[in-house]
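End of the sequence shown = 961 in the working numbering, gap-free, step of one. From the three backbone atoms N, C-alpha and C, an ideal C-beta is built for every residue, glycine too. Predicted, not measured: the structure shown is a model, and the values here were computed from it. The structure under discussion appears below in the form of structure tokens.
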Amino acid sequence: MPKVIVNDIEVDADPKDNCILAARKAGVEIPHYCWHEALSVVASCRMCLVEVGEKKPDGTVVMGPKLVPGCQTPIKDGTVIKTDTQKVKTSQALTLELLLLNHPLDCSICDQAGECYLQDYTYKFGKAQSRLDEPKIQREDKYHIGEQIALFTDRCVMCTRCVRFTREVSGTAELQVVARGSHEEIDVFPETPCNNKLAGNVVDLCPVGALCSKDFLYKKRVWWLKSADSVCTGCSTGCSIHIDQNEDKVYRLRPRTNPLAQGHFMCDEGRFGFKYISDERRLTKPRVSESIALSKKSNGSKAGGLGDLNFSDPWSDVLEVTRTKIKEAIKTDARGFVGVLSPFMTIEEAYLLASYLKQLDSRVRLVLGPVPMVGTDDMYPKGPKGEAPEAGKVKFTIRAEKCPNRLGVEAVLRHFEGQVISVAQVAAKADATSWYFVGGYQHGWVDESIDRGVGKPSLLIVQDLFPSPLSDRADIVLPSGSFAERDGTYVNHSGLAQTANAAVRSPADTRSDGRILMELTERKGLYNAMAIRKEIGGVIRSLAALGVGDLGENGVKLNASNREPVFS
Numbered sequence: 394m395p396k397v398i399v400n401d402i403e404v405d406a407d408p409k410d411n412c413i414l415a416a417r418k419a420g421v422e423i424p425h426y427c428w429h430e431a432l433s434v435v436a437s438c439r440m441c442l443v444e445v446g447e448k449k450p451d452g453t454v455v456m457g458p459k460l461v462p463g464c465q466t467p468i469k470d471g472t473v474i475k476t477d478t479q480k481v482k483t484s485q486a487l488t489l490e491l492l493l494l495n496h497p498l499d500c501s502i503c504d505q506a507g508e509c510y511l512q513d514y515t516y517k518f519g520k521a522q523s524r525l526d527e528p529k530i531q532r533e534d535k536y537h538i539g540e541q542i543a544l545f546t547d548r549c550v551m552c553t554r555c556v557r558f559t560r561e562v563s564g565t566a567e568l569q570v571v572a573r574g575s576h577e578e579i580d581v582f583p584e585t586p587c588n589n590k591l592a593g594n595v596v597d598l599c600p601v602g603a604l605c606s607k608d609f610l611y612k613k614r615v616w617w618l619k620s621a622d623s624v625c626t627g628c629s630t631g632c633s634i635h636i637d638q639n640e641d642k643v644y645r646l647r648p649r650t651n652p653l654a655q656g657h658f659m660c661d662e663g664r665f666g667f668k669y670i671s672d673e674r675r676l677t678k679p680r681v682s683e684s685i686a687l688s689k690k691s692n693g694s695k696a697g698g699l700g701d702l703n704f705s706d707p708w709s710d711v712l713e714v715t716r717t718k719i720k721e722a723i724k725t726d727a728r729g730f731v732g733v734l735s736p737f738m739t740i741e742e743a744y745l746l747a748s749y750l751k752q753l754d755s756r757v758r759l760v761l762g763p764v765p766m767v768g769t770d771d772m773y774p775k776g777p778k779g780e781a782p783e784a785g786k787v788k789f790t791i792r793a794e795k796c797p798n799r800l801g802v803e804a805v806l807r808h809f810e811g812q813v814i815s816v817a818q819v820a821a822k823a824d825a826t827s828w829y830f831v832g833g834y835q836h837g838w839v840d841e842s843i844d845r846g847v848g849k850p851s852l853l854i855v856q857d858l859f860p861s862p863l864s865d866r867a868d869i870v871l872p873s874g875s876f877a878e879r880d881g882t883y884v885n886h887s888g889l890a891q892t893a894n895a896a897v898r899s900p901a902d903t904r905s906d907g908r909i910l911m912e913l914t915e916r917k918g919l920y921n922a923m924a925i926r927k928e929i930g931g932v933i934r935s936l937a938a939l940g941v942g943d944l945g946e947n948g949v950k951l952n953a954s955n956r957e958p959v960f961s
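And the structure:
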């Protein structure tokens, strides 16, 4: 690997690195606005100007006579980069002064305040005062730029990241630069707002407060937000994300760069599709049918109040009843007991339930819940007529499979059941006498065939987010957690296992699925996803890669060639 010297620090760099990336490996920040790893290089902002030279074989260093843009300058073995000379510092200060000439002092009301490159770089590299005495040029804000996007034109520094994104990544090319010189502005073509399915990414790309999300606008200051790393559950792409919340309310989702998953971006369906976690229709209290509650009361059990649950913490009694009814149903007809594992479950949750039911009786059937499919895979960048890109040129894909963990749950099912059977197959036979359903779907998932196939069993347990035809007549209802309330592991379409961390606490009397299943199965201690992940790695051969426990920021690829022995 080529050795590069950055401010007298020697580092090993990648031959494909530019000066910005090489300096980053030495712990040195080269400020930049227009450059982005996933976009073409234009070198227009001039913020990354540095001194570049070469170390000769005799040890002497020859520096170039002029400053060069670090984003556009490749490195090689012996490249010398200097970012701390007076010439570089003067250039950075002057560039910032130019960018700030017509920039309004909107920091007090700007959504970008607190995570703004203009603020940060001015503090680190700029001047404390401006020499401008003339009035600033004022431009009209553009709320028409897109359904989810507002453009505050005065704040724009013309980095053109947004324009390049719509041309190079989404391929829809709605944004453009109009006019010239100091009159330059970002705008859209007439009657063509920026409403493509990836449009929200231009807000993330904007280094200042020019492009803002209407959904987040003026909702919360970013320094009040607490962030948790998670995985988007909208489709099987499994985008790595940040969940930003305050006081257990999720305000926004942002893409988290992961070269093994989606890269740098995420779709708007995932970005804005989190509102259901605070939907008023969510199940918020565990419920036991009156028939079971009355039978327990007649037997002298302490669970007499389960029907209306008029006490502070119903969960211990509800789970005790659930455990008892499961054992009774399996003892009566083990083959007739069916556990339905949702593709929205984490691997840890699926393992807890599957292992528990199979330990009670190996004849219990485990099946896969409905796998939602919508249309076909939607690939980007689009062509001039909206056509999909050629093979090998795809930069982003919105998957038709609208669940995050089908492959992970299938791995658990293959281990314990020996094969993957769908709930539709079992429902069509109508030979099950007891059901344990796990849902977690964002939208309604119980279709007529499933509803009819389940019928009126002797025991129906539903663990879900929202009411459904099944929960309405269930014997026991366990209100579960959303993706933002879960710790665990998801496996995306390509076999990448990623960890998701809980960002908020479950509302009211709901609980995360991991905690429900941990207590239901009477395991000792608190639910700890990493500990269970290590256990899974030692038990399920196809998931052996999970045995390390900590999967890192980007996750680990599973070995698809491993043959999985059948549970006995």
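**Asked** How many Å lie between residue 421 and residue 412 at the Cα?
**Response** 10 Å
*Determine the burial state of residue 426: buried for a count of at least 16 other Cβ atoms within 10 Å of its Cβ, exposed for fewer.*
buried
Thinking C-alpha only, which one of 811, 808, 763 and 919 is nearest residue 842?
763
message: Can you tell me whether residue 972 is helix, strand or coil according to DSSP?
response: For the chain, the structure presents residues 394 to 961; residue 972 sits outside this window and is missing.
- Message: Check whether the region 708-723 and the region 747-758 are in contact - that is, three or more C-beta pairs closer than 8 Å.
- Response: yes
Check: Thinking C-beta only, is residue 547 closer than 7 Å to residue 497?
Finding: yes
### Query
What are the complete beta strand (DSSP E) segments, minimum 3 residues, inside the region 794-878?
827-831, 852-857 and 869-872
| said: Just to check my reading of the structure: residue 541 and residue 608 have Cβ atoms closer than 8 Å, yes? What is that Cβ distance to the nearest angstrom? | reply: 6 Å
I'd like the ranges of any alpha helix (DSSP H) spanning at least 4 consecutive residues and lying wholly in the region 395-471. 412-418
**Report entry** Top-ranked residue by Cα proximity to residue 854, from 949, 730 and 570
**Finding:** 730
Endpoints, beta strand (DSSP E) assigned at residue 620: 619-624
If contacts are defined as beta-carbon pairs under 8 Å, then residue 561 and residue 433 qualify, I think. What distance do you get, rounded to the angstrom? 6 Å
- Measure the C-alpha to C-alpha separation of residue 734 and residue 902 and round it to an integer number of angstroms. 22 Å
Taking buried to mean at least 16 other C-beta atoms within 10 Å of its own C-beta, is residue 893 buried or exposed? buried
Requested in this report: State the DSSP-derived secondary structure class of residue 743, mapped to helix, strand or coil.
Outcome: helix
(message) Taking the beta carbon of residue 808 as the centre, do at least 16 other beta carbons fall within 10 Å, making it buried, or is it exposed?
(response) buried
Helix or strand or just coil, what does DSSP make of residue 921? coil
Please state whether the Cβ-Cβ distance between residue 395 and residue 469 is less than 7 Å. yes
Worksheet entry | Contact belief for residue 458 with residue 442 at Cβ below 8 Å, rounded distance in angstroms | About 13 Å separates the two Cβ atoms, so there is no contact after all.
Inset, instruction - Let me know the secondary structure DSSP gives residue 761 once reduced to three states. - result: strand
Is the beta carbon of residue 466 less than 7 Å from the beta carbon of residue 445?
-> yes
Buried or exposed by the 16-neighbour rule on C-beta atoms within 10 Å, applied to residue 574: exposed
*Any idea what DSSP makes of residue 518, helix, strand or coil?*
helix
Can you find the residues in the same chain that come closer than 6 Å, C-beta to C-beta, to residue 655, ignoring five residues on each side of it along the sequence?
630 and 632
Rounded to whole angstroms, what's the CA-CA distance from residue 367 to residue 520? Just pull it up for me. Only positions 394 to 961 of the chain appear in the structure, and residue 367 is not among them; the question remains open.
Next on the checklist: Let's test the definition: count the other Cβ atoms within 10 Å of the Cβ of residue 885 and tell me whether it reaches 16, buried, or not, exposed.
Outcome noted: buried
Between residue 587 and the ligand GDP, is the CB less than 6 Å from at least one heavy atom?
No copy of the ligand GDP occurs in the structure displayed, which carries no ligand at all.
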